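There are 2 protein chains.
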Amino acid sequence: MFIHTVFFWLKDKEDDNARKALHQGLQALAYVDEIQTGYIGTPATTRRAVIDHTYDFSLTFIFPDKTAHDSYQVHPDHLKFVDNCAALWGEVKVYDALTED
Amino acid sequence: MFIHTVFFWLKDKEDDNARKALHQGLQALAYVDEIQTGYIGTPATTRRAVIDHTYDFSLTFIFPDKTAHDSYQVHPDHLKFVDNCAALWGEVKVYDALTED
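Residue numbers (my numbering), protein chains in the order written: chain V, 14 to 114; chain U, 14 to 114.
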């Protein structure tokens, strides 16, 4: 599997319209065909020194392999999401992982 | 769902025994009953400015809810993993997310 994990920090945490727009954009994004399983999340209430709970939204997309992930990256719906939503976030962190199964 | 995502950086990236020991510890950890789906990963070959590929291992554990995650945190196999492996990593980052489904 190829696990694509992204954390988004809103440019303005007080901007409820921006929060709603990013949330809706992410929800729509999860329907892209190449994604085997897609999760959109928000920070849980867990608090320990090693936990980063400062992000606003998370995305965990599981692809069968890197080829599927690469197709997703250039999928029109993904490009549209970036066009529509990139102005909303101030920071984004991406972690891509390959698993053994 | 409750998604528990952890990234591990080995204290010594050149220490192959430490790498093997942490890998084996993580693989055993994924069998804890409370975990609905568990993935252990290593950095994919993707490279963009927003991607952090410097970690050595990732863990993505999906729990049905926070209660299951909280039980996992105090599960004897998890505590044993921390006891056995904490000396191997120099840094760890945890992101906990709640999803809507």
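Using N, Cα and C, we set each Cβ at its ideal position, and we do this for glycine too. Keep in mind that this is a model prediction, so the values were computed, not measured.
- In this structure, the straight-line span from the alpha carbon of T50(U) to that of T18(V) is close to 15 Å.
- Distances from the alpha-carbon of D109(V) to those of L101(U), L35(U) and G54(U) put G54(U) closest.
- Within chain U, the residues Y108 have their CB atoms less than 8 Å from the CB of F20(V), given in chain order.
- DSSP places V107(V) in the strand class (E or B) of the three-state scheme.
- For chain U, the residues of the stretch 52-82 of chain V that bring a beta carbon within less than 8 Å of one of its beta carbons are Y52, I53, G54, T55, P56, A57, T58, T59, R61, V63, I64, D65, H66, Y68, S71, T73, I75, K79 and H82, in chain order.
- About 18 Å separates the beta carbons of V105(U) and V107(V), which is beyond the 8 Å limit, so they are not a contact pair.
- Beyond the five residues adjoining it in sequence on each side, N97(V) comes within less than 7 Å, by CB distance, of G38 in the same chain, given in chain order.
- Neighbourhood of F94(U) in chain V, by CB distance below 8 Å: empty, with the nearest CB roughly 14 Å away.
- For E47(V), not one C-beta of chain U is nearer than 8 Å to its own C-beta.
- At a C-beta separation below 9 Å, V105(V) has these neighbours in chain U: V63.
- Excluding the 5 residues flanking it on each side, T73(U) has same chain C-beta neighbours closer than 6 Å at T18 and Y52, in chain order.
- In the structure shown, the three-state DSSP call for T50(V) is strand.
- Comparing alpha-carbon positions, the option among D65(V), K26(V), H88(V) and T59(V) lying closest to A43(V) turns out to be H88(V).
- Proximity of chain U to L101(V) at the Cβ level (cut-off 9 Å) is not reached, the minimal Cβ distance being about 15 Å.
- For V19(V), no alpha helix (DSSP H) run applies; the uninterrupted beta strand (DSSP E) run containing it begins and ends at F15 to L23, by DSSP.
- L111(V) has a beta carbon lying within less than 8 Å of a beta carbon in chain U.
- Straight through space, the alpha carbons of V95(V) and K79(U) are spaced by roughly 31 Å.
- Annotation for Y68(U): F20, F21, W22 and P56 place their beta carbon closer than 7 Å to its own, counting only its chain and skipping 5 residues before and after.
- It is roughly 18 Å from the alpha-carbon of A31(U) to the alpha-carbon of H91(U).
- Between D46(V) and the set A81(V), L111(V) and D29(V), the nearest pair of CA atoms involves A81(V).
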